[in-house]
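All remarks here apply to the structure that follows.
In our numbering, the protein residues as written are -12 to 216.
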(Lines of atoms letter the chains of each structure in order from A and count residues from 1; the text may use other names and numbers.)
(Lines give C-alpha, C1' and ligand atoms only; values in the text may rest on other atoms or scores of the structure.)
Protein backbone atom coordinates (compact mmCIF):
# COMPACT_ATOMS: atom_id res chain seq x y z
CA UNK A 1 0.00 0.00 0.00
CA UNK A 2 1.19 3.52 -0.78
CA UNK A 3 0.25 4.54 2.76
CA UNK A 4 3.26 2.49 3.95
CA UNK A 5 5.51 5.10 2.31
CA UNK A 6 3.79 8.02 3.99
CA UNK A 7 5.40 8.01 7.44
CA UNK A 8 9.00 7.59 6.20
CA UNK A 9 8.56 10.46 3.71
CA UNK A 10 6.71 12.59 6.27
CA UNK A 11 9.55 12.15 8.77
CA UNK A 12 12.13 12.96 6.09
CA UNK A 13 10.40 16.27 5.29
CA UNK A 14 9.85 17.05 8.98
CA UNK A 15 13.61 16.79 9.49
CA UNK A 16 13.93 19.47 6.80
CA UNK A 17 11.68 21.74 8.86
CA UNK A 18 8.26 21.19 7.25
CA UNK A 19 4.91 20.54 8.92
CA UNK A 20 3.47 17.67 6.89
CA UNK A 21 -0.13 16.48 6.45
CA UNK A 22 -1.50 13.74 4.22
CA UNK A 23 -4.15 13.91 1.49
CA UNK A 24 -4.46 17.68 1.24
CA UNK A 25 -6.12 19.10 -1.88
CA UNK A 26 -5.71 15.88 -3.85
CA UNK A 27 -1.98 15.61 -3.06
CA UNK A 28 -0.59 12.59 -1.22
CA UNK A 29 1.18 14.92 1.20
CA UNK A 30 1.76 18.63 1.64
CA UNK A 31 4.44 20.27 3.78
CA UNK A 32 4.61 23.90 4.88
CA UNK A 33 7.60 25.73 6.31
CA UNK A 34 7.24 28.19 9.17
CA UNK A 35 8.05 31.25 7.06
CA UNK A 36 5.63 33.89 5.81
CA UNK A 37 4.80 33.14 3.09
CA UNK A 38 5.57 29.47 3.74
CA UNK A 39 7.55 27.28 1.40
CA UNK A 40 5.08 24.73 0.03
CA UNK A 41 6.25 21.18 -0.69
CA UNK A 42 4.12 18.50 -2.37
CA UNK A 43 4.96 14.80 -2.25
CA UNK A 44 3.45 12.13 -4.48
CA UNK A 45 3.71 8.45 -3.54
CA UNK A 46 3.70 5.30 -5.66
CA UNK A 47 4.79 1.75 -5.01
CA UNK A 48 7.10 1.98 -8.05
CA UNK A 49 8.61 4.83 -10.03
CA UNK A 50 6.59 5.12 -13.25
CA UNK A 51 5.30 7.66 -15.77
CA UNK A 52 2.02 8.14 -13.87
CA UNK A 53 3.98 9.38 -10.86
CA UNK A 54 5.75 11.97 -13.03
CA UNK A 55 2.46 13.09 -14.60
CA UNK A 56 0.89 13.54 -11.15
CA UNK A 57 3.84 15.71 -10.16
CA UNK A 58 3.50 17.81 -13.33
CA UNK A 59 -0.15 18.41 -12.45
CA UNK A 60 0.72 19.53 -8.90
CA UNK A 61 3.81 21.61 -9.66
CA UNK A 62 2.04 24.94 -10.14
CA UNK A 63 0.69 24.90 -6.58
CA UNK A 64 4.01 24.57 -4.75
CA UNK A 65 7.68 25.46 -4.50
CA UNK A 66 9.06 21.90 -4.49
CA UNK A 67 7.80 18.52 -5.69
CA UNK A 68 9.14 15.21 -4.42
CA UNK A 69 8.38 11.86 -6.07
CA UNK A 70 8.69 8.92 -3.69
CA UNK A 71 8.48 5.19 -4.38
CA UNK A 72 9.64 1.86 -3.00
CA UNK A 73 13.17 0.91 -3.97
CA UNK A 74 13.20 -2.27 -6.04
CA UNK A 75 14.57 -5.33 -4.24
CA UNK A 76 17.28 -6.03 -6.83
CA UNK A 77 18.12 -2.44 -7.69
CA UNK A 78 16.82 -2.75 -11.25
CA UNK A 79 13.80 -0.44 -11.00
CA UNK A 80 13.31 2.98 -12.54
CA UNK A 81 15.28 4.52 -9.69
CA UNK A 82 18.37 3.06 -11.40
CA UNK A 83 17.37 4.31 -14.84
CA UNK A 84 19.52 7.31 -15.77
CA UNK A 85 16.85 8.55 -18.22
CA UNK A 86 14.16 8.61 -15.52
CA UNK A 87 16.38 10.50 -13.10
CA UNK A 88 17.37 12.95 -15.86
CA UNK A 89 13.67 13.55 -16.67
CA UNK A 90 13.02 14.45 -13.03
CA UNK A 91 16.03 16.79 -13.01
CA UNK A 92 14.85 18.57 -16.15
CA UNK A 93 11.36 18.99 -14.66
CA UNK A 94 12.84 20.18 -11.37
CA UNK A 95 11.40 17.31 -9.29
CA UNK A 96 13.10 15.56 -6.39
CA UNK A 97 13.19 11.75 -6.14
CA UNK A 98 13.10 9.76 -2.91
CA UNK A 99 13.61 6.03 -2.67
CA UNK A 100 12.11 4.23 0.34
CA UNK A 101 13.59 0.89 1.40
CA UNK A 102 11.59 -2.03 2.80
CA UNK A 103 12.88 -1.01 6.24
CA UNK A 104 11.56 2.54 5.92
CA UNK A 105 14.87 4.27 5.17
CA UNK A 106 14.69 7.20 2.76
CA UNK A 107 17.38 7.89 0.16
CA UNK A 108 17.61 11.13 -1.86
CA UNK A 109 18.05 10.09 -5.49
CA UNK A 110 17.51 13.51 -7.11
CA UNK A 111 17.23 16.87 -5.40
CA UNK A 112 14.53 19.31 -6.58
CA UNK A 113 15.57 22.35 -8.60
CA UNK A 114 16.20 25.61 -6.79
CA UNK A 115 14.71 27.72 -9.59
CA UNK A 116 11.25 29.19 -8.96
CA UNK A 117 8.50 27.16 -10.72
CA UNK A 118 5.59 28.67 -12.62
CA UNK A 119 2.97 29.04 -9.93
CA UNK A 120 -0.79 28.86 -9.97
CA UNK A 121 -1.62 31.30 -7.13
CA UNK A 122 -5.21 30.08 -6.77
CA UNK A 123 -4.26 26.41 -6.42
CA UNK A 124 -1.42 27.31 -4.07
CA UNK A 125 -3.71 29.41 -1.87
CA UNK A 126 -6.34 26.66 -1.62
CA UNK A 127 -3.67 24.13 -0.70
CA UNK A 128 -2.14 26.28 2.04
CA UNK A 129 -5.56 27.22 3.40
CA UNK A 130 -6.72 23.59 3.69
CA UNK A 131 -3.43 22.57 5.33
CA UNK A 132 -3.71 25.35 7.94
CA UNK A 133 -7.40 24.70 8.75
CA UNK A 134 -7.09 20.96 9.13
CA UNK A 135 -6.65 19.86 12.73
CA UNK A 136 -3.77 17.44 13.17
CA UNK A 137 -2.91 14.95 10.42
CA UNK A 138 -5.94 12.61 10.34
CA UNK A 139 -5.40 10.95 6.92
CA UNK A 140 -2.25 9.14 5.82
CA UNK A 141 -0.97 10.11 2.39
CA UNK A 142 -1.74 7.58 -0.32
CA UNK A 143 -5.14 6.66 1.14
CA UNK A 144 -7.67 5.70 -1.54
CA UNK A 145 -10.37 3.58 0.10
CA UNK A 146 -11.66 5.83 2.88
CA UNK A 147 -13.13 9.34 2.97
CA UNK A 148 -10.51 12.05 3.48
CA UNK A 149 -10.82 13.94 6.77
CA UNK A 150 -10.85 17.46 5.36
CA UNK A 151 -11.20 20.64 7.42
CA UNK A 152 -14.82 20.90 6.22
CA UNK A 153 -15.61 17.36 7.40
CA UNK A 154 -13.94 18.10 10.75
CA UNK A 155 -16.17 21.14 11.29
CA UNK A 156 -19.26 19.22 10.19
CA UNK A 157 -18.39 16.52 12.72
CA UNK A 158 -17.96 19.20 15.39
CA UNK A 159 -21.52 20.38 14.62
CA UNK A 160 -22.80 16.79 14.79
CA UNK A 161 -21.02 16.16 18.09
CA UNK A 162 -22.68 19.23 19.60
CA UNK A 163 -26.08 17.71 18.68
CA UNK A 164 -25.33 14.26 20.06
CA UNK A 165 -27.80 14.75 22.93
CA UNK A 166 -30.47 16.72 21.11
CA UNK A 167 -31.26 19.67 18.81
CA UNK A 168 -29.13 22.80 18.99
CA UNK A 169 -29.62 26.39 17.89
CA UNK A 170 -27.24 27.83 15.32
CA UNK A 171 -26.40 30.74 17.61
CA UNK A 172 -25.24 28.23 20.25
CA UNK A 173 -22.82 26.59 17.82
CA UNK A 174 -21.44 29.66 16.08
CA UNK A 175 -19.06 30.88 18.84
CA UNK A 176 -17.02 27.64 18.64
CA UNK A 177 -17.79 26.70 15.02
CA UNK A 178 -17.87 29.92 12.96
CA UNK A 179 -18.92 28.13 9.76
CA UNK A 180 -21.80 26.25 11.42
CA UNK A 181 -24.56 28.33 9.72
CA UNK A 182 -23.21 27.48 6.26
CA UNK A 183 -22.50 23.81 7.08
CA UNK A 184 -26.01 23.28 8.46
CA UNK A 185 -27.68 25.19 5.65
CA UNK A 186 -25.84 23.33 2.87
CA UNK A 187 -26.09 19.92 4.64
CA UNK A 188 -23.57 18.47 2.19
CA UNK A 189 -23.39 15.07 3.91
CA UNK A 190 -27.09 14.79 4.84
CA UNK A 191 -26.25 14.71 8.55
CA UNK A 192 -28.57 17.51 9.72
CA UNK A 193 -32.32 18.14 9.82
CA UNK A 194 -33.94 21.55 10.34
CA UNK A 195 -36.57 21.08 13.05
CA UNK A 196 -37.43 24.75 13.62
CA UNK A 197 -36.22 28.17 12.58
CA UNK A 198 -32.51 28.28 13.41
CA UNK A 199 -32.67 24.86 15.13
CA UNK A 200 -31.12 21.64 13.81
CA UNK A 201 -30.97 18.00 14.88
CA UNK A 202 -29.05 14.96 13.66
CA UNK A 203 -30.34 12.57 11.02
CA UNK A 204 -29.62 8.84 11.17
CA UNK A 205 -26.71 9.49 8.78
CA UNK A 206 -25.34 12.07 11.23
CA UNK A 207 -25.51 9.62 14.15
CA UNK A 208 -23.79 6.99 12.00
CA UNK A 209 -21.03 9.50 11.21
CA UNK A 210 -20.41 10.06 14.93
CA UNK A 211 -20.18 6.30 15.40
CA UNK A 212 -17.63 6.10 12.61
CA UNK A 213 -15.63 9.16 13.70
CA UNK A 214 -16.01 9.60 17.50
CA UNK A 215 -15.29 13.20 18.42
CA UNK A 216 -13.28 14.95 21.10
CA UNK A 217 -13.81 18.69 21.65
CA UNK A 218 -11.66 20.59 19.14
CA UNK A 219 -10.77 24.25 18.73
CA UNK A 220 -12.37 25.68 15.59
CA UNK A 221 -10.65 28.64 13.95
CA UNK A 222 -12.39 30.84 11.38
CA UNK A 223 -9.92 30.79 8.48
CA UNK A 224 -12.08 31.78 5.54
CA UNK A 225 -13.96 29.78 2.95
CA UNK A 226 -14.40 26.04 3.46
CA UNK A 227 -15.12 23.61 0.64
CA UNK A 228 -16.91 20.31 1.29
CA UNK A 229 -15.14 17.06 0.52
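Where a beta carbon is used, it is the ideal one built from N, C-alpha and C, also for glycine.
Let me know the secondary structure DSSP gives residue -4 once reduced to three states.
-> As a working note, residue -4 is residue 9 in the chain shown. Correct three-state label for residue -4: helix.
Would residue 70 be called buried (16 or more neighbouring beta carbons within 10 Å of its own) or exposed?
-> By one-based count along the chain shown, residue 70 stands at place 83. The residue in question, residue 70, is exposed, as its Cβ has fewer than 16 Cβ neighbours within 10 Å.
Touching by the beta-carbon criterion (3+ pairs, under 8 Å), the stretch 143 to 162 and the stretch 31 to 43 = no
For residue 110 and residue 50, believed in contact at Cβ under 8 Å, the rounded distance | What you label residue 50 is simply residue 63 of the chain shown in a count that begins at 1. What you label residue 110 is simply residue 123 of the chain shown in a count that begins at 1. The pair is a contact, with the Cβ atoms about 4 Å apart (cut-off 8 Å).
Could you have a look at residue 12 and say whether DSSP puts it in helix, strand or coil?
-> The residue given as residue 12 occupies position 25 in the chain shown. It is coil, neither helix nor strand.
Can residue 157 and residue 145 be called in contact, C-beta distance under 8 Å?
-> The residue given as residue 157 occupies position 170 in the chain shown. The residue given as residue 145 occupies position 158 in the chain shown. No, these two residues do not count as a Cβ contact at 8 Å.
Could you tell me the distance, in whole angstroms, from the CA atom of residue 45 to the CA atom of residue 122?
-> Locating residue 45 in the chain shown gives position 58, where the first residue counts as 1. Locating residue 122 in the chain shown gives position 135, where the first residue counts as 1. Each residue's alpha carbon lies about 28 Å from the other.
Looking only at C-alpha atoms, which of 161, 114, 79 and 182 sits nearest to residue 26?
-> One-based indexing of the chain shown puts residue 26 at position 39. Nearest option by C-alpha distance: 114.
C-alpha gap between residue 225 and residue 39, whole angstroms | Here the chain comprises residues numbered -12 to 216, so residue 225 is not present and cannot be evaluated.
Just tell me which of 48, 86, 66 and 82 has its CA closest to the CA of residue 58.
-> Numbered from 1 along the chain shown, position 71 holds the residue referred to as residue 58. Nearest of 48, 86, 66 and 82 to residue 58, Cα basis: 86.
Which term fits residue 83, buried or exposed, when burial requires 16 or more other beta carbons within 10 angstroms of its beta carbon?
-> In the chain shown, residue 83 corresponds to position 96, counting from 1. So residue 83 ends up on the buried side.
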